[in-house]
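Presented below is the structure to which this report refers.
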Amino acid sequence: MNTGTVALLVAVVGVAGTLLAPVTTAWVSSRSRRQEFEFQQRSELTKRHMDDEQANLERLRDTYVALNSGARRYRFRMMEDLYAIRSGTAPDPATEVARVEFQDTYAKAQMLVPDDVLRRCQAVRVALADARKLLGFRWPGTPGTISRSGRRPIRS
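Under the working numbering, the first residue of the sequence shown is numbered 1202, with each subsequent residue one higher.
Below, the structure is given as structure tokens:
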């Protein structure tokens, strides 16, 4: 190779490098932006996933609290009614309200709570229903209800 050919090759490589530098820079820049965008998307998706998990945990915790407090309130009302019946007074209608609220809470929990927890809640629900049956009276407004004086009406 003579010096003219070498000079021509150097000039061609120099011109090609000068012309291709912006294209290469644009490609590298585009690739870098795409990687940043993908990283940001993954980061947002991870954050959304963590927020959803936290919201589900809070919803589950609220359901557990509602079930527990509802069962305790219902049990407490039944105990008060038992003491009222023993003392000869009428049971409190708030017991029926507590029962309905507990049943509503249990129905909502059936959609959220895992099966093993739901089985335990079912056992509590059945125990409360059995305890209600053992009280041996009916709620106000139904036949056989204990009157305000605490006595059952005479059946004809």
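Backbone N, C-alpha and C define an ideal beta-carbon position, used for all residues, glycine too.
What residues in its chain sit with their C-beta under 7 Å from that of Ser1350, if we drop five residues either side in the sequence?
Note that Ser1350 scores 49 on pLDDT, short of 50, meaning its location in the model is unreliable; the coordinates nonetheless yield the value given after this. For Ser1350, where only same-chain residues beyond five positions count, there are no Cβ hits under 7 Å.
Comparing C-alpha positions only, which one of Pro1315, Met1312, Gln1304 sits nearest to Val1327?
Closest option to Val1327, judged by alpha-carbon separation, among Pro1315, Met1312, Gln1304: Gln1304.
Is it the case that the Cβ atoms of Leu1313 and Arg1260 are separated by a distance below 9 Å?
yes
Can you have a look at Pro1223 and say buried or exposed, based on whether 16 or more other CB atoms are within 10 angstroms of its CB?
exposed
Drop a sphere of 10 angstroms on the beta-carbon of Tyr1284, count the other beta-carbons inside from all chains shown, and report buried for 16 or more, exposed for fewer.
exposed
Quick check on this structure: which residue in Gly1271, Ala1256, Arg1249, Ser1230 has the alpha carbon closest to the alpha carbon of Ala1299?
Gly1271
Can you list, in chain order, the residues of its chain with a C-beta nearer than 6 Å to that of Ala1310? Leave out the 5 residues immediately preceding and following it.
Thr1264, Leu1268
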